[in-house]
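Engineer: Handing you a structure now.
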Amino acid sequence: MQHMKPAGILSAEQIRLADAATISRGPVSSFGLMETAAAACTKWISQHVDLSQKIIICCGEGNNGGDGLAVARMLLQQGKKVLVLALDISGKRSADNQTNLAALIEKWPASVTMISSNNNLPQINEPAVYIDALFGTGINRVIEGLPAMIIEWINTQKGEKISIDMPSGLFADAHTSATAVVRASHTLSFELPKLAFLFPENAQYVGGWHLLPIGLDKKFLEEAETGQYFLNKDFIESLKRKRPKFSHKGSFGHAAIVAGSYGKMGAAVLAVKACLRSGAGLVTAHIPACGNDIMQLSDPEAMTLADVHGKHLATVFDSSRYQAIGIGPGIGTETETRDLLFQLLQRSVKPLVLDADALNILAQQKENFAMVPANSILTPHPKEFERMAGKTGNDFERHTMQKAFSVKYSVYIVLKGAYTCITTPSGKSFFNSTGNPGMAKGGSGDVLTGILTGLLAQGYSPEEAALLGVYTHGLAGDIAAAAIGETGMTAMDICRYLPEAWL
Numbered sequence: 023m024q025h026m027k028p029a030g031i032l033s034a035e036q037i038r039l040a041d042a043a044t045i046s047r048g049p050v051s052s053f054g055l056m057e058t059a060a061a062a063c064t065k066w067i068s069q070h071v072d073l074s075q076k077i078i079i080c081c082g083e084g085n086n087g088g089d090g091l092a093v094a095r096m097l098l099q100q101g102k103k104v105l106v107l108a109l110d111i112s113g114k115r116s117a118d119n120q121t122n123l124a125a126l127i128e129k130w131p132a133s134v135t136m137i138s139s140n141n142n143l144p145q146i147n148e149p150a151v152y153i154d155a156l157f158g159t160g161i162n163r164v165i166e167g168l169p170a171m172i173i174e175w176i177n178t179q180k181g182e183k184i185s186i187d188m189p190s191g192l193f194a195d196a197h198t199s200a201t202a203v204v205r206a207s208h209t210l211s212f213e214l215p216k217l218a219f220l221f222p223e224n225a226q227y228v229g230g231w232h233l234l235p236i237g238l239d240k241k242f243l244e245e246a247e248t249g250q251y252f253l254n255k256d257f258i259e260s261l262k263r264k265r266p267k268f269s270h271k272g273s274f275g276h277a278a279i280v281a282g283s284y285g286k287m288g289a290a291v292l293a294v295k296a297c298l299r300s301g302a303g304l305v306t307a308h309i310p311a312c313g314n315d316i317m318q319l320s321d322p323e324a325m326t327l328a329d330v331h332g333k334h335l336a337t338v339f340d341s342s343r344y345q346a347i348g349i350g351p352g353i354g355t356e357t358e359t360r361d362l363l364f365q366l367l368q369r370s371v372k373p374l375v376l377d378a379d380a381l382n383i384l385a386q387q388k389e390n391f392a393m394v395p396a397n398s399i400l401t402p403h404p405k406e407f408e409r410m411a412g413k414t415g416n417d418f419e420r421h422t423m424q425k426a427f428s429v430k431y432s433v434y435i436v437l438k439g440a441y442t443c444i445t446t447p448s449g450k451s452f453f454n455s456t457g458n459p460g461m462a463k464g465g466s467g468d469v470l471t472g473i474l475t476g477l478l479a480q481g482y483s484p485e486e487a488a489l490l491g492v493y494t495h496g497l498a499g500d501i502a503a504a505a506i507g508e509t510g511m512t513a514m515d516i517c518r519y520l521p522e523a524w525l
């Protein structure tokens with residue numbers, strides 16, 4: 023079956039080439055593309071910002087500044103109170119920037135202040151919105167001197183800050199160690215997200231980010247070589263399979279969830295419930311004896327295989343009966359449980375789903391990961407991944423390490439968090455677009471383990487299962503948050519809304 027391609031995450035250089043391809047292949051000029059971008063920004067600003075306030079637009083000397091100057095003109099045409107602070111230090115303006123600046127000075131000269139030293143920066147004594155159009159995606163050096171002073175000035179002003187394309191001073195593709203970076207409330211990005219938006223270290227700068235279509239060349243965007251993608255609904259829909267009319271429970275696989283210990287049976291209940299709600303034909307819970315009644319009452323559709331041990335898992339079972347096995351939620355790290363895990367790894371010829379304590383046991387000796395069957399799916403949260411792979415200095419380093427770990431051990435790593443990142447044995451990475459902070463609760467990861475195991479049991483490839491499972495898990499969380507709010511929702515609510523998410 024031919025799947026759609028997910029949206030690519032392009033480098034700053036590729037974005038520059040996309041602009042050039044759009045201009046060279048189509049009827050639109052460089053100035054026309056800037057007009058389209060400015061119109062998209064102006065529309066968003068008009069819909070989301072209180073325009074009775076003064077609007078301060080800080081514009082650099084390049085094309086990002088040109089976007090800001092065009093936004094200023096469009097807002098002035100609407101009769102809004104606009105003050106443009108135009109950086110004037112190098113004597114080199116881009117052609118489109120110069121055209122827009124000249125048009126502003128000709129018609130609204132009082133609205134433009136040229137900034138050649140920090141003495142020119144005005145004192146703002148009224149409520150205002152600040153629009154940052156100093157530097158765009160192409161910045162690759164630390165901002166210093168007057169531009170850094172302007173950035174610091176923007177950050178110290180009271181009022182909403184909106185960055186066009188990128189917060190000025192933030193690198194699109196690398197860790198930003200600089201302090202001179204605009205702290206935006208919102209970032210209006212063109213067409214595609216930037217890699218920098220997807221890491222926690224940049225949340226303080228990016229704020230909420232919003233994608234604005236500006237008609238970049240579709241052929242270029244589709245053909246651009248990138249190993250990084252952003253999951254979207256159309257791509258995920260293309261992965262989903264129909265359930266044939268004459269299918270039966272055997273058609274959708276038998277999944278085993280190996281989970282739970284005394285005091286942590288909830289993890290097993292959540293994983294089994296999610297597995298059942300993800301389409302598996304049969305689900306067996308391999309659990310300690312203390313959890314048998316709990317499981318039968320909580321998830322009556324599942325079968326149980328109660329361990330001879332009362333409080334934790336100790337007994338190896340016949341793994342060949344199952345199309346997929348998920349292990350880890352709530353199992354603890356008892357010696358007998360460790361032995362069970364290692365024996366399961368040695369006997370398994372199919373990919374497994376490994377979570378929580380299964381990963382913590384493996385991480386005690388890094389060479390253990392060589393035992394994991396190829397194409398297994400590992401689902402660490404950041405602290406678990408650090409135990410697995412080691413510490414890193416920043417999120418970009420961690421992302422590189424995650425990709426290397428996937429390649430080295432031929433496994434899929436699902437690094438959980440906002441924009442959960444899935445890395446593949448071929449070195450690709452996929453960032454998730456669903457989910458919300460209401461899911462930051464105990465048990466959410468157990469639900470994901472159940473979903474992934476259920477999908478593997480049905481015959482989805484590990485890559486399909488990881489992408490489809492992570493997206494749908496987040497979507498169920500989004501539906502739950504919309505229905506009952508982020509604060510009060512629990513992991514059980516993610517399970518509750520899974521059927522709606524599959525729809």
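Just so you know, we're using our numbering here: the sequence shown kicks off at 23 and counts up by one. For glycine and all other residues, C-beta sits at the position ideal for the given N, C-alpha and C. If you're wondering where the values come from, they're calculated on a predicted model, not measured in any experiment.
#1: Which residues mark the beginning and the end of the alpha helix (DSSP H) in which Trp66 is found?
#2: So the beta strand (DSSP E) Leu478 belongs to, where does it begin and stop?
#3: So for Ser46, helix, strand or coil by DSSP?
#4: Take Pro402 as the anchor and find which of Met511, Ala380, Ser211 and Gly354 has the nearest alpha-carbon.
#5: To which residues of the same chain is Gly507 closer than 6 Å at the C-beta, ignoring the five residues directly before and after it?
#6: Determine the extent of the beta strand (DSSP E) in which Thr401 is found, giving its start and end residues.
#7: Got a sec, what are the start and stop residues for the alpha helix (DSSP H) Ser428 sits in?
#8: Just the Cα atoms here: how many angstroms apart are Ser432 and Trp524?
#9: Checking the sheet assignment: what are the DSSP bridge partners for Val104?
#10: Run the CB neighbour count on Met23, radius 10 Å, all protein chains shown included, and call it buried at 16 or more, exposed below.
#11: Quick one, are the C-beta atoms of Ala296 and Ala281 less than 8 Å apart?
#12: Look at the Cβ atom of Thr442, then the Cβ atom of Ile473, and state whether they are nearer than 8 Å.
#13: Quick one: residues in its chain with C-beta nearer than 7 Å to the C-beta of Leu98, no 5 flanking neighbours on either side, listed in chain order?
#14: Check His197 in the structure and name its three-state DSSP category.
#15: Buried or exposed for Phe268, please, with buried defined as at least 16 other CB atoms from any protein chain shown within 10 angstroms of its CB.
#16: Just curious, the alpha helix (DSSP H) that Phe545 is in, first and last residue?
#17: Could you have a look at Thr414 and say whether DSSP puts it in helix, strand or coil?
#18: State the DSSP-derived secondary structure class of Met23, mapped to helix, strand or coil.
#19: For Thr159, which of Leu366, Asn147, Leu32 and Ser207 has the nearest alpha-carbon?
#20: State the CB to CB distance for the pair Leu363 and Leu400, rounded to an integer number of angstroms; the pair is presumed to be in contact (CB under 8 Å).
#21: According to DSSP, is Val134 part of a helix, a strand, or is it coil?
#22: Buried or exposed: where does Thr446 fall if 16 or more other Cβ atoms within 10 Å of its Cβ makes it buried?
#23: Might you give, ordered along the chain, the residues of its own chain that have their beta carbon closer than 8 Å to the beta carbon of Ser211, omitting 5 neighbours on each side?
#24: Secondary structure at Gly30, three-state DSSP: helix, strand or coil?
#25: Which ranges does the beta strand (DSSP E) cover as unbroken runs of at least 3 residues, wholly within the segment 262 to 298, from first to last along the chain?
#26: Please work out which residues of its chain come closer than 6 Å, Cβ to Cβ, to Val71, disregarding the five sequence neighbours upstream and downstream, and give them in chain order.
#27: Report all residues from its chain with a CB closer than 6 Å to the CB of Gly460; omit the five preceding and five following residues, and keep chain order.
#28: If you draw a straight line from the C-alpha of Gly48 to the C-alpha of Leu238, how long is it?
Structural biologist: According to the data block:
#1: Ser52 to His70
#2: Premise fails: Leu478 lies in the alpha helix (DSSP H), Ser466 to Ala479, not in any beta strand (DSSP E).
#3: helix
#4: Ala380
#5: none
#6: Unbroken run through Thr401: none, as it is neither H nor E.
#7: Asp417 to Tyr431
#8: 29 Å
#9: Ile77
#10: In this prediction, Met23 scores a pLDDT of 49, lower than 50, which makes its location untrustworthy; the coordinate-derived value is nonetheless stated afterwards. Classification for Met23: exposed.
#11: no
#12: no
#13: Val104, Trp130 and Ser133
#14: coil
#15: exposed
#16: One cannot answer for residue 545 here, as it falls past the ends of the chain, which runs 23 to 525.
#17: coil
#18: Because Met23 sits at a pLDDT of 49, beneath the cut-off of 50, its placement in the model cannot be relied upon, and the following sentence gives the value as read from the coordinates. Reduced to three states, the DSSP call for Met23 is coil.
#19: Leu32
#20: That pair is no contact at about 13 Å.
#21: strand
#22: buried
#23: Asp187, Met188, Phe219, Trp231, His232, Leu233 and Leu234
#24: strand
#25: 276 to 280
#26: Val151
#27: Ala503, Glu508 and Met511
#28: 10 Å
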